[in-house]
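Enquirer: Note that the protein sequences, when read in sequence, are chains F and W. Yeah, the first sequence ends on 71 if you go by numbering that gives the first Met the number 0, and it's all consecutive. Yeah, the second sequence ends on 624 if you go by numbering that gives the first Met the number 0, and it's all consecutive. Even for Gly, the Cβ is constructed at its ideal location relative to N, Cα and C. Note that the structure is predicted; figures quoted are calculated from it, not measured. Let me give you the structure first, and then I'll get to my questions.
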Amino acid sequence: MKKTYSVEVDCPNCAAKMEEAVKNTKGVKDASLSFMTLKLRVEFEDGADVDAVMKEAYANCKKVEDDCEIIF
Amino acid sequence: MNSKQKKVLYRIIISAVLVVVVSVLDAVLPVNIWVLAVLYLIPYFVIGYDILKKAFKGILKRQVFDENFLMAVATVGALALGDFREGVAVMLFYQIGELFQSCAVGKSRKNIAALMDIRPDYANIIEDGQLVKVDPDEVETGTVIVVNPGEKVPIDGQIIEGSTSLNTSALTGESVPRDAVCGDEVISGCINLTGTIKIRTTKEFGDSTVSKILDLVENSSLKKSRSENFITRFAKYYTPAVCYSALALALLPPVVNMLMGNPAAWQTWIVRALTFLVISCPCALVISVPLSFFGGIGCASTNGILVKGSNYLEALADTKYIVFDKTGTLTKGVFEVNGIYPENNFSEEELLYYAAYAESGSSHPISISLKNAYGSQLDLERVSDIEEIAGHGVAALVDGKKVCAGNLKLMKRQGIQVITEHDEGTAVYVSVNQVYAGCITISDVVKPTSKEAIAGLKQSGIRTVMLTGDTAKTAARVADEIGIDEVRSELLPADKVSEVERLLSVKGKKEKLAFVGDGINDAPVLSRADIGIAMGALGSDAAIEAADVVLMDDDPAKIALAMRISMKTLRIVRENIVFALAVKLVCLVLGAIGIANMWVAIFADVGVMVIAVLNATRALKLTRS
C-alpha cells in the first residue's frame with residue numbers, strides 16, 4: 000500500500016536525511032520525499048499498521064532532523 | 000516571502016547594522032577586547048541563535064554532521080580565536096544564503112503551482128432553480144453542472160446546453176481556443192471563455208482529467224533521477240569525511256610540528272580547519288540538482304508535456320531510438336480527401352459534387368470524408384435510386400444522371416475505361432452517365448508537423464522507426480513522405496511488443512528507447528519501452544496511466560521539444576555539480592594550505608550556492624534554439 004503525506008522541512012539535505020530515516024523504519028518498504036513539493040510517499044509492507052508505522056517514522060525523522068513535521 | 004522568511008530578513012538587517020556599528024566603533028575608539036567581544040556577541044546571537052540551538056540539539060541526538068553543526072563549530076571557533084568580525088560574518092552570510100535558497104525554492108514552487116493552476120475550487124449545481132456552489136468532490140456522476148464564462152470546467156462531462164469556446168492552454172500549451180457545442184465532450188481544467196454551458200458530468204472529480212494531471216505533476220518529483228540519488232549518496236559520505244579531515248587538519252600538523260621540535264602553531268591550523276568546515280557545506284549540490292529537475296518538469300508542463308518523474312526527464316536525454324505507432328501518432332487517424340483527379344473535362348468541384356451525392360446515403364468513413372470535403376449541406380432531393388453494390392461501391396441518380404462511385408472493379412463491371420489508376424490510400428473512381436469523370440483519393444493524412452518533427456529528431460542522431468498494422472504499401476508511402484528511417488508494417492498489436500523488444504535487445508546499454516503511441520491499444524508497448532510517450536492523451540485514462548511522458552495535445556514536434564528540455568536540464572545539473580565540486584575542491588585545498596581565508600570560505604559556501612540556485616532556475620525557462 001502507498002500513501003502520500005505532506006511534510007515541512009527547510010533544507011534539502013535534511014529532507015534527504017528524513018527520507019533515509021523513513022526508509023529505515025520497520026514496516027516501510029520504500030519511501031520517497033520530494034523537497035520541491037514537500038511530499039512524502041511511503042510504501043508500506045503488507046499487513047503493516049499504518050498509524051503505528053508512521054508514528055515510528057516520525058520519531059525517527061525527529062531524531063535526524065529536529066526541525067521537521069509530517070502531517071498524518 | 001512568508002512570515003518565517005521575513006523574520007530571518009529582519010534578523011539579517013539588524014545584525015548587519017550592528018556589525019557595521021561595532022566595526023566603526025572598533026576602528027575609531029580604543030575599545031577593550033572583552034567589551035568588543037561582548038559587543039560582537041549581540042549581532043552573533045541575533046543572527047545565529049537558531050543555528051546554535053539546532054546544532055546543540057543535534058549533538059544531544061548524536062547527529063553531529065549537519066550544516067548547523069558545521070556553522071556552529073566554525074563560528075564559535077572563530078570567535079574563540081578572537082576573529083570576532085569573521086565569526087559573525089560567516090553566520091550572517093550563511094543566513095543570507097539560506098534565506099536566498101528558501102526564497103528561490105519557494106518561487107519555483109509557486110511558479111509550478113501557477114503553471115498548474117487548474118484546480119477548480121467549486122462546481123455550480125442547480126438546486127431548486129438556484130445556482131449553488133459546491134465542492135467538486137461532492138458532485139456525483141450524471142449531475143448537471145453549470146459553467147459560466149471565466150470559470151474552469153471542474154469535472155469531465157458532456158455539454159447538454161449551450162455552446163462556447165474553451166481555453167485549453169493550461170492543459171495543452173495550445174493558445175488557440177477550442178470551440179465546443181452541445182453534445183461535445185469537455186474535459187476539466189479548461190477555462191470557459193464565451194458562453195454559459197450546462198454539462199452532464201460523466202466522471203467523479205477524483206477520476207476527472209484535472210485531478211489526474213495534478214496528481215501526476217505533484218508526484219513527479221518523487222521519482223528521483225540518477226543524478227539526485229548520486230548527490231544524496233555523495234552528501235552522506237561527504238559531510239563526515241570533511242569533518243574528520245578538518246579534525247585531522249587541526250590536530251595532525253601541530254602534533255607533527257611538536258614532534259619535529261618546531262613551534263606547534265595551534266592557532267594557524269585551527270583557523271585553517273574552521274575555514275575548511277565553512278567551505279565544505281554540501282548545500283549547493285544538494286539543492287541545485289532537484290531544483291533543476293523540478294524546473295525542467297515545470298517547463299515541460301507549461302508546454303503541454305507531462306513528465307511523470309525526474310528519472311524520465313533524465314532518460315529522455317539519452318534517447319537514441321524512437322519508435323512511433325503510425326495511426327493517430329504520425330497521422331491524424333481520420334480519413335480525408337487528399338487528391339482529386341478529374342478527367343474528360345470535368346472540374347474538381349463537379350467530380351466532388353457527384354461523388355458526395357452518390358455516397359450521400361452511406362455512413363461509411365469514406366462517404367463521410369467525401370461529404371466533409373464537399374463542404375456544403377447536401378440537398379437529398381437531388382439524389383434518388385441509391386444502390387449499394389457490396390464490395391464495389393454505389394450507383395445512384397444525381398440530378399437525373401446515373402452516377403457510379405466505387406473501386407476499379409465497379410468501373411470494370413460498368414464497362415468504363417479508367418484513364419489513370421491511383422494507388423495512394425483508397426481510390427474512389429467516378430463515372431457520370433457512363434463517362435469516366437475521374438478519381439478521388441482518400442487516405443489517413445499525415446499530421447502537418449510530422450515531417451518536421453522526424454527531421455528534427457534525425458538531426459539529433461536519433462533512429463526513427465514506425466510500426467503499423469497497415470499494408471506495406473500504405474506504410475511505405477507515409478514513411479517516404481515524412482522520412483522515417485525504418486518501417487515495420489502489417490503488425491498485430493502483439494507483434495508491436497515483440498518488435499520493441501527486438502529493438503531493445505540490439506540497442507546499446509546506455510541508449511534509451513522511447514515508444515510513442517496514441518494510447519489506444521498500445522498500453523503494453525508503452526510500458527515495455529524505456530520511456531513510453533502517450534500522445535493526445537487528454538481524456539484517455541489508460542494512456543495517462545501506462546505512459547511515462549504524456550503529451551497533452553497530439554503534436555509530434557513536442558517530442559523533440561521534450562528532449563530539448565531534458566538535455567538543457569541535464570546540462571544545468573552537470574554544470575552545477577562540476578562547478579560546485581570544483582570550486583569547493585580548489586577552496587578546500589587553498590584553505591588547507593592557508594591561502595584561502597574565511598572570506599573566501601564564505602564565497603565557496605554561500606556564493607556557490609547562490610550561483611547554483613540561479614543556474615538551476617534557468618531550467619524553468621525555455622530558450623528558443
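For Thr326 (chain W), which residues of its own chain have a beta-carbon under 6 angstroms away from its beta-carbon, when the five flanking residues on both sides are left out?
Expert: Its chain contains Gly332 as the residues whose beta carbon lies nearer than 6 angstroms to that of Thr326 (chain W), once the 5 sequence neighbours on both sides are disregarded; these appear in chain order.
Enquirer: Determine, using beta-carbon pairs with one atom in the region 220-238 of chain W and one in the region 274-289 of chain W, whether at least three such pairs fall under 8 angstroms.
Expert: yes
Enquirer: To the nearest angstrom, how far is the alpha carbon of Val548 (chain W) from that of Val515 (chain W)?
Expert: Looking at the two C-alpha atoms, the distance is approximately 9 angstroms.
Enquirer: Assuming Leu78 (chain W) and Ser279 (chain W) form a contact by the criterion Cβ under 8 angstroms, report the distance between their Cβ atoms to the nearest whole angstrom.
Expert: The Cβ separation is near 19 angstroms, so there is no contact.
Enquirer: With a 10 Å radius around its C-beta and 16 neighbouring C-beta atoms as the bar for buried, classify Trp268 (chain W) as buried or exposed.
Expert: Around the beta carbon of Trp268 (chain W), 16 or more other beta carbons sit within 10 angstroms, so the residue counts as buried.
Enquirer: How would you write the range of the alpha helix (DSSP H) that Cys586 (chain W) sits in, first residue to last?
Expert: Cys586 (chain W) -> alpha helix (DSSP H) spans 556-591.
Enquirer: Ala436 (chain W) and Leu350 (chain W) - do their beta-carbons sit closer together than 8 angstroms?
Expert: yes
Enquirer: Have a look at the DSSP bridge pairing and note the partners of Ala14 (chain F).
Expert: According to DSSP, Ala14 (chain F) bridges with nothing at all.
Enquirer: Show which residues of chain F have a CB atom less than 9 angstroms away from the CB atom of Ser101 (chain W).
Expert: By Cβ distance, chain F contributes Asp9, Cys10.
Enquirer: Rounded to the nearest angstrom, what separates Leu329 (chain W) and Ala30 (chain F) at their Cα positions?
Expert: 39 angstroms
Enquirer: Can you list, in chain order, the residues of its chain whose CB lies under 6 angstroms from that of Thr467 (chain W), leaving out five sequence neighbours each side?
Expert: Excluding positions up to five away in sequence, the list reads Lys325, Ala474, Ser488.
Enquirer: How far does the beta strand (DSSP E) with Ser31 (chain F) in it reach, from first residue to last?
Expert: 27-33
Enquirer: Going by DSSP, what residue range makes up the beta strand (DSSP E) through Tyr4 (chain F)?
Expert: 1-8 is the span of the beta strand (DSSP E), which, as asked, contains Tyr4 (chain F).
Enquirer: Evaluate Pro262 (chain W) with the Cβ neighbour count: other Cβ atoms within 10 Å of its Cβ, from every protein chain shown; 16 or more gives buried, anything less gives exposed.
Expert: exposed
Enquirer: Looking at Gly188 (chain W): is its Cβ nearer than 8 angstroms to the Cβ of Leu170 (chain W)?
Expert: yes
Enquirer: Please decide whether Ser220 (chain W) counts as near chain F, where near means a Cβ-Cβ distance under 8 angstroms.
Expert: yes
Enquirer: Can you have a look at Ile571 (chain W) and say buried or exposed, based on whether 16 or more other CB atoms are within 10 angstroms of its CB?
Expert: buried
Enquirer: Considering only the beta carbon of each residue, do Leu619 (chain W) and Gly105 (chain W) sit closer than 8 angstroms?
Expert: no
Enquirer: For Met0 (chain F), decide whether its Cβ has a neighbour in chain W, counting only Cβ atoms nearer than 8 angstroms.
Expert: At a cut-off of 8 angstroms between beta carbons, Met0 (chain F) makes no contact with chain W.
Enquirer: Heavy atom of the ligand FMN less than 7 angstroms from the Cβ of Asp517 (chain W), yes or no?
Expert: This structure does not include the ligand FMN; it has no bound ligands of any sort.
Enquirer: Between Arg108 (chain W) and chain F, is there a C-beta pair that is closer than 8 angstroms?
Expert: yes
Enquirer: For chain W, find out if any of its Cβ atoms is closer than 8 angstroms to the Cβ of Val41 (chain F); answer yes or no.
Expert: no
Enquirer: Below 8 angstroms on the Cβ atoms is my contact criterion, and I expect Ser442 (chain W) with Phe334 (chain W) to pass it. Report the Cβ-Cβ distance as a whole number of Å.
Expert: 7 angstroms
Enquirer: CB Tyr311 (chain W) to CB Leu512 (chain W), shorter than 8 angstroms?
Expert: Their beta carbons are not under 8 angstroms apart, which means Tyr311 (chain W) does not touch Leu512 (chain W) by this criterion.
Enquirer: Mind checking who Ile198 (chain W) pairs with in its DSSP beta bridge?
Expert: W:Ile144, W:Ile158
Enquirer: Would you say Lys54 (chain F) lies against chain W (beta-carbon separation less than 8 angstroms)?
Expert: no
Enquirer: Any Cβ of chain W within less than 8 angstroms of the Cβ of Lys62 (chain F)?
Expert: yes
Enquirer: Taking the alpha-carbon of Tyr356 (chain W) as reference, which of W:Val322, W:Leu396, W:Gly338, W:Asp317 has the nearest alpha-carbon?
Expert: W:Leu396
Enquirer: Between Glu66 (chain W) and chain F, is the shortest Cβ-Cβ distance under 8 angstroms, so that the two count as touching?
Expert: Chain F, which has a Cβ nearer than 8 angstroms to the Cβ of Glu66 (chain W), makes this yes.
Enquirer: What did DSSP end up calling Asp384 (chain W) once you bin it into helix, strand or coil?
Expert: Look at Asp384 (chain W) here: in three-state DSSP terms it is strand.
Enquirer: For the region 23-42 of chain F, list every residue whose C-beta sits within 7 angstroms of some C-beta in chain W, in sequence order.
Expert: Ser31, Ser33, Phe34, Met35, Thr36, Lys38, Arg40
Enquirer: Restricting to Cα atoms, I'd like to know which of W:Val45, W:Ala595, W:Leu613 is closest to Val277 (chain W).
Expert: W:Ala595
Enquirer: Please report how far the alpha carbon of Gly414 (chain W) lies from the alpha carbon of Leu491 (chain W), in whole angstroms.
Expert: Annotation: Gly414 (chain W) to Leu491 (chain W) spans about 38 angstroms, alpha carbon to alpha carbon.
Enquirer: Among W:Gly141, W:Thr419, W:Val19, W:Gly424, which has the Cα closest to the Cα of Phe83 (chain W)?
Expert: W:Val19
Enquirer: Apply the 10 Å Cβ neighbour rule to Thr419 (chain W) and answer buried if 16 or more other Cβ atoms are within range, or exposed otherwise.
Expert: exposed
Enquirer: Between which two residues does the alpha helix (DSSP H) holding Gly76 (chain W) run?
Expert: 66-79
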